[in-house]
Amino acid sequence: MYIPRWVLLFPLVVAVGLLWKEFPALVRYVKIERM
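All residue numbers for the sequence shown refer to this note's numbering, where the first residue is -5 and numbers rise by one.
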């Protein structure tokens, strides 16, 4: 069974998209924790 390369890339793209969206909140949280 042949799996196209973009099928393998799709979860990676989704993960990066989620990280990009959540990154500012994560940075804010880390800054608050360090204070």
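Cβ coordinates follow ideal geometry from the N, Cα and C atoms, glycine included.
Reduced DSSP category for residue i - H, G, I as helix; E, B as strand; rest coil
| i | result |
| --- | --- |
| I26 | helix |
| Y(-2) | Here the sequence assigns Pro to residue -2, which means Tyr is not the residue at that position. Residue state, collapsed to three classes: coil. |
Straight-line Cα distance separating residue j from residue i
| i | j | result |
| --- | --- | --- |
| V1 | L13 | 19 angstroms |
| E16 | V7 | 14 angstroms |
| P5 | E27 | 30 angstroms |
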